[in-house]
Amino acid sequence: MWRSRMRLRPVYLALLLVSLWIGFGAQFAEAQPAVFPAADRIVAIGDLHGDLHITRHVLRMARITNGLDQWAAGKTVVVQMGDVLDRGDEEQELLEFLARLQKEAEAAGGALHLLLGNHELMNARQDFRYVTEGGFADFRHLRPRRSSPGQAAGGATRPRRRLPPRRALRHAAGPAERGHHRRG
């Protein structure tokens, strides 16, 4: 019993990290268009890798935040290019900081867009090679709860549309090759 729980722990961590990531963006997912209006200033920021100190420093240097770590960029659009997770020990604090900045940016007429990087996808695939002990410790206090699909992250993982079983299977398997889709 104990060993089976230990084997499931990485699975729970992966689901938790992805749920948190999706949850932070879910509040804006319904309202945001696929195409955004032009902005006077766009700032792209790359790999943060769980380092809150460096993230704060970079945002101040780019005049995105002020000395109190509050949004100070007005209508600026910031695109974080992914890889918020892994290699650092402050992942949870960093995710919470970015979620707060998203709200502040929207209130000021700006935006902070968080893209998924390869490290977020690696965690979702249960590839924890780059997760530090501090990264695991950040989420250790959260226990997995039994819930139905779609309840994680406040329903952000809920399917938007259901496909009939045959079509869902075909969609998951990829496009059918010519001539191989016929029944027969």
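Mapping of the sequence shown onto my numbering: residues 77 to 260, in sequence order.
Each residue gets a CB set at the ideal place from its N, CA and C atoms; glycine is no exception.
Own chain residues within Cβ distance below 6 angstroms of residue i, not counting five before or after
i	result
D123	D159
A187	V153, A181
Q178	L188
A115	V153
Counted within 10 angstroms of its Cβ, other Cβ atoms place residue i as buried (16 or more) or exposed
i	result
Q168	buried
L135	buried
F112	exposed
A232	Note that A232 has pLDDT 44, beneath the 50 cutoff, so the model's placement of it is unreliable and the number below is only indicative. The residue is buried, with at least 16 neighbouring Cβ atoms inside 10 Å.
G164	buried
N199	buried
L191	exposed
For residue i, the three-state DSSP class (helix, strand or coil)
i	result
T141	strand
Q202	coil
R259	Residue placement at R259 is flagged as unreliable, the pLDDT there being 46, under the threshold of 50; a coordinate-derived value is accordingly withheld.
V134	helix
G185	coil
A148	coil
A114	coil
L190	strand
Close-in-space but distant-in-sequence residues of the same chain around residue i (CB under 8 angstroms, 5 per side omitted)
i	result
H189	V153, V154, V155, Q156
E166	G126, D127, L128, H129, G210, D214
T141	R132, L135, W147, A148, A149, L177
Residues near residue i in its chain [Cβ-Cβ closer than 7 angstroms; skip 5 each side]
i	result
R201	none
Test item: CB-CB of residue i and residue j under 8 angstroms
i	j	result
D162	H195	yes
A184	G150	yes
Alpha carbon of residue i to alpha carbon of residue j, nearest angstrom
i	j	result
T131	R139	12 angstroms
R176	A148	13 angstroms
R216	F204	15 angstroms
R117	G193	23 angstroms
L174	G143	16 angstroms
H133	V119	15 angstroms
L197	L171	16 angstroms
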